[in-house]
Structure formats: C-alpha cells, structure tokens
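Structure first, then comments.
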Amino acid sequence: MIIHKTEAEIALMKDAAMLVSQTLTEVAKMLKPGVTTMDIDRLCLSFVKEHNAIPSFYNYHGYPHHICASVNDVVVHGFPNDTPLKNGDIISIDMGVILKGWHGDHAYTFIMGEVAPEVLQLVKVTKESLYKGIEKAVINNRVGDISYAIQDYTETKFGYGVVRELVGHGLGRSLHEDPQVPNYGKRGTGHKMKENLVLAIEPMINLGSREVYTDDDGWTVRTRDGKPSVHFEHDVCVKRNQALILSDYSIIEAAEKANPHLNSSYY
Ligand code: MF3
Ligand code: CO
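When we follow my numbering, the leftmost residue of the sequence shown carries the number 8, and every step to the right adds one.
Following this line, the structure appears as structure tokens:
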C-alpha cells in the first residue's frame, strides 16, 4: 500500500531525516584511525537519545545494533565491531531513527586517508548516482525512472556492479513502506509517483561484480569478489518540479572537509 504524507507529516519527517544527518555529522567529526565502529554505534545511540528519538534498526527483525557499519567489501548491514579503523578503509554508516513516530533512514560513505583512484571514483560516482536518481523523483514519473537513472550511470557508463538483492523503499511511520526502489530497472515502468510520496533512495554499488553473499551472522552482506562497495542513502519527498531532499549531506560534508583524517578530495 502506497501512503502519501500531508505537509505537516513531511515537516515531521524532515526533522527525523535531519536528526540522522546531524548524527552522521557527529560521526564525520569523530572518525580517525583507531576508532572502532562500536565507538561509532555508542556515539550514535547517545546522540539520538539526547534528541528524544529512538534508533530504529535495533531489534528490527532481530538486528542486534543501533547502526549498520559497512567497511570495504561489506555492502550493507555490517555489524559494528571492535576492529580499529585504518587509513585506506571506506566506511558506510547507515542510521535510522524514530522521532515523534516518524522514520528517518539515511547513510553516507566516508573515506579514511588514501585510497586507490578507482575506489575514490567509485565513491564519487555512487554519490552522483544517488542525485541522478533523486532528479527523477517527480510527479508522473515512475519508480523505474529512478532505478534506470542509477543503473545507467553506474553500470552502463562506469561498468560497476549494481546490487540486485537490496533496494530502496518508501518511508513513513514504518521503516519500509511501498514501493520498493531498486537501483536497476527500466524507464517508464513501475509505480507512477504522486506528490508527497516519501522514498529512501539508496544505491549500493560494487567496484567489481554485482554478486553478493550474506555472512553466517545472517546480516552482513559482502561482495563475492571481495572488492569494495559503496552505499549512499537520502530520504526524499516527491514533488511537482523537483524532489525535496529531507536529509542533508552539506553538514556532513562540511565536517568531513574539516577532518584531516577523512578524504573528501573527490568533490
Ligand atoms: N537503510 C537500511 C534499509 O533501509 C537499513 C536497514 S538495517 C536493519 O533497509 F537493521 F534495520 F535491518
Ligand atoms: Co533504507
């Protein structure tokens, strides 16, 4: 069932999405070699609680942590752990919150120190593909237009692997609402979008093959070839001429630029 939001509800969803952006900004400030993803989990939990919200991932279908921390070959749903992060790592932090009953759910991939030029380009192109998808989130377009835009840029133009097993989704009072938003598909197909549909668009793009597998923990999704994967996610509201992006990378990027341990040389 597709649920459209009222303007008042969208204002509340903006607050939820922005709380995630603020949390990811705190992550951008703390990242440096030696920090662990468990440290990041603790920081995110306390930051969100201080802001009168609840982390939404904990216990979602039994998920045992407050964030997903997906490093290098981990595509998504990585468990935070006690391994110190190091130069050359790429780290996707995905966080969900419930604020006044409404979900925010978004993610950002950070680069620590120097990485191979091909990895830098993968991060750049994946972030750009998210915005290419968002450009299509306007009324009377179909979900397949978003999917196609992401696939066309990442797979057709750059030859990257577009993960098929995991998709973006509607967002609202639930973390996952209809419709599904795949990162691959055909133009002019799928659900025809109307104003005030809220979507979480989240390209998961592999440097090598698109094949993935899930670890024995039942959650951690990894690339089969062990090559890196990048994940970015925004919460967006479908509008007439241009989608309204509820989350905000500008504050995360400002903190990233100010952190000498992070590599933001690609933008
Ligand atoms: N952003 C992911 C999603 O929308 C995160 C869900 S992780 C889970 O599916 F732990 F909540 F399952
Ligand atoms: Co999501």
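Where is the CB? At the ideal position from N, CA and C, for every residue including glycine.
As the structure is a prediction and not an experimental result, all values here were calculated from the model.
Just verifying my parser: in three-state terms, what is the DSSP assignment at His183? Here residue 183 is taken as the residue at index 176 of the sequence shown, counted from 1. DSSP places His183 in the coil class of the three-state scheme, outside both helix and strand.
Does the region 232-251 come into contact with the region 188-195, if we say contact requires no fewer than three beta-carbon pairs (one atom in each stretch) closer than 8 Å? The region 232-251 is not in contact with the region 188-195.
CB-CB under 8 Å to Asn270, same chain, minus the five flanking residues each way: which ones, in chain order? For the purposes of this step, residue 270 is taken as residue 263 along the sequence shown, with counting starting at 1. For Asn270, the CB contacts under 8 Å within the same chain, skipping 5 residues up- and downstream, are Ile118, Met119, Gly120, Glu121, Val122, Leu127 in chain order.
May I ask which residues mark the beginning and end of the alpha helix (DSSP H) holding Gly108? Locating residue 108 in the sequence shown gives position 101, counting from the first residue. It is not in any alpha helix (DSSP H) - Gly108 carries neither H nor E in the DSSP assignment.
In the region 17-87, which residue ranges form an unbroken beta strand (DSSP E) of at least 3 residues, counting only runs that do not cross its ends? Counting only runs of at least 3 residues, the region 17-87 fully encloses the following beta strand (DSSP E) elements, listed from N- to C-terminal order: 74-78, 81-83.
Is any heavy atom in ligand 1 found nearer than 7 Å to the beta carbon of Cys75? Your numbering for residue 75 matches position 68 in the sequence shown. The closest heavy atom of ligand 1 lies less than 7 Å from the beta carbon of Cys75.
Pick from Val205, Ile47, Ser216 that is closest to Ile10, judged by C-alpha positions: Along the sequence shown, read from residue 1 onward, the residue named residue 10 stands at position 3. Selected option, being the one with the closest Cα: Val205.
Return helix, strand or coil for Ser136, following the three-state DSSP convention. Position 129 of the sequence shown holds residue 136. Helix.
Could you check how far apart the C-beta atoms of His89 and Met45 are, in whole angstroms? I think they sit under 8 Å. For this step, residue 89 is matched to residue 82 along the sequence shown. For this step, residue 45 is matched to residue 38 along the sequence shown. Note on identity: in this sequence residue 89 is Asp, with His being the wrong assignment. Sure, about 5 Å apart at Cβ, within 8 Å.
Quick one: give me the first and last residue of the alpha helix (DSSP H) that Gly151 is part of. To locate residue 151, count along the sequence shown from 1; it is residue 144. 150-158 is the extent of the alpha helix (DSSP H) around Gly151.
Let me check you understand the geometry: is the CB of Gly103 closer than 7 Å to at least one non-hydrogen atom of ligand 1? Within the sequence shown, residue 103 is the residue found at index 96, counting from 1. Gly103 Cβ: within cutoff of ligand 1.
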